Amino acid sequence: MKRIAVFTSGGDAPGMNACIRATVRGAIYHQIEAYGILRGYDGLIKGDLMPLDSPAVSNIIQKGGTILKSARSKAFMTKEGRAKAFEQLQQRGIEGLVAIGGDGTFTGAKAFYEEFGIPTIGAPGTIDNDLYGTDYTIGYDTAVNTALEAIDKIRDTADSHDRIFFVEVMGRDAGYIGIFCGIAGGAELVMVPETTTTIEEVIQTLKQGWRSSKTSSIIIVAEGDEEGNATEIAKKIKQKVSDQFDMRVTTLGHIQRGGSPTARDRILASRLGLGAVEGLLSGKKNAMVGVCNDQLVYTPFEEAIGKEKPISQTLIDMVKILSI
Ligand code: F6P
């Protein structure tokens, strides 16, 4: 293998730049050329590629977002789109890909490999931490810390006004951001899609808190919870208890996707970028590189996107135990 290309795709995540840097520098170290593809699969189809040398990835390890930009490509979901993408790689003699993204990115990479045989290694980059085959994904730690900073601030005002705050965090269908924020932020309750929490249970938790002389509460709601988003949940509660509690809702939103990556995310991203290049060079393909129990592991795309990564029940129980 003499030439590879790297791209970022799907929702951006802090640490993607550190991963791009590690991929490019890892390639140069192993004496292969690196190309960057702009805007993920869309850029690949359009031929938006450029060679990346070492200075091109200088001074980016600390930056949020992605210098290669990102997109969710509809065109790549079609066979015609993927055929155009293959042509672009052929024209430039690119023999391998490093795909930084989440499950949508790897679904595309798997289809592409199956049709055209281009070896691809995925590096898990998503704040959602929802991929099997890695303990953590690039961006998750930063997103949790960003959300936590906001939650700490919300607690100050919640406490001053004796209020209940419903704080909605991202995560799509996964409750990983929610559960870590709940534990680290000392929340009274966490509502995540992985467990069922009824409106009645929320009301009971709030009433118990009030009986044990708590005058403010923080409920973390993961956006994918089965009872709805934070606004809907607060509305349902209000309908049942009327004005018994003074409630407010804060949706943290895309703030969780930005900002300078934490040391943990930079280190994880660096390991995964280099691991992706070395995986390609050792003949690995159609797989995601991850870190499990501090060891680099390669998991076939099929498993990384198809298998569930369950949240530990111990962590879920811990929020309740520690909020008495
Ligand atoms: O997958 C990352 C993520 O931020 C999810 O947590 C969230 O549901 C989604 O992307 C938001 O997507 P968009 O930026 O397209 O609104």
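If you read the sequence shown in the working numbering, its first letter stands for residue 980, the second for the next number, and so on.
Every residue, glycine too, gets a C-beta built ideally from N, C-alpha and C.
All of these numbers come straight from a predicted model, not from anything done at the bench.
In the three-state scheme derived from DSSP, where H, G and I count as helix and E and B as strand, Thr1136 is classed as helix. Relative to the ligand F6P, even the nearest heavy atom lies 7 Å or more away from the CB of Thr1210.
For the ligand F6P, a non-hydrogen atom lies closer than 7 Å to the CB of Asp1107. For the 8 Å CB-CB criterion, Ala1035 and Val1003 form a contact. At a cut-off of 7 Å, the beta-carbon of Arg1151 counts as near the ligand F6P: some heavy atom of the ligand is closer than that.
Beyond the five residues adjoining it in sequence on each side, Gly1072 comes within less than 8 Å, by CB distance, of Lys981, Arg982 in the same chain, given in chain order.
Membership of Gln1187 in the alpha helix (DSSP H) is indicated by the continuous run 1178-1190. Inclusion of Arg1236 in the 7 Å shell around the ligand F6P follows from its C-beta lying nearer than that to a non-hydrogen atom of the ligand. Nearest in C-alpha terms to Ser1195, of all of Ala1201, Gln1223, Gly1207, is Gln1223.
The beta carbon of Leu1275 sits closer than 7 Å to those of Arg1250, Gly1254, Val1268, all from its chain and outside the five residues before and after it, given in chain order.
With a threshold of 16 other beta carbon atoms within 10 Å, Leu1017 meets it and is buried. Below 8 Å, too few C-beta pairs join the stretch 1023-1032 and the stretch 1107-1120 to call them touching: fewer than three. DSSP places Val1077 inside the beta strand (DSSP E), whose first and last residues are 1075-1080. Secondary structure of Val1268 (DSSP, three-state): strand.
Residue state for Glu1202 is assigned as coil, using DSSP reduced to three classes. Beyond the five residues adjoining it in sequence on each side, Arg1151 comes within less than 8 Å, by CB distance, of Asp1107, Asp1109, Glu1202, Gly1203 in the same chain, given in chain order.
DSSP, reduced to helix, strand and coil, places Gln1069 within a helical segment of the structure shown.
Distances from the CA of Glu1167 to each of Ile1246, Phe1144, Ala1283, Asp1032 were compared; the closest alpha carbon is that of Phe1144.
Shown here, Gln1218 sits in a helix according to DSSP, grouped into three states. For Met995, the enclosing alpha helix (DSSP H) has its first and last residue at 995-1008. Distance check between Lys1288 and each of Ala1153, Arg1243, Glu1205, Asn1208 places Ala1153 closest, using alpha-carbon atoms only. Note that the C-beta distance between Ile1182 and Lys1219 is below 8 Å. The DSSP-derived three-state label of Gly1015 is strand. Assignment of beta strand (DSSP E) within the stretch 1111-1167, counting only whole runs of 3 or more residues, yields 1143-1148 in chain order. Annotation: Ile1284 is outside any beta strand (DSSP E); the continuous alpha helix (DSSP H) that includes it extends over 1280-1285. A distance criterion of 7 Å places the beta-carbon of Gly1252 beyond contact range of the ligand F6P, judged by its closest non-hydrogen atom. For the pair Lys1263 and Tyr1277, the CB atoms are nearer than the 8 Å cut-off.
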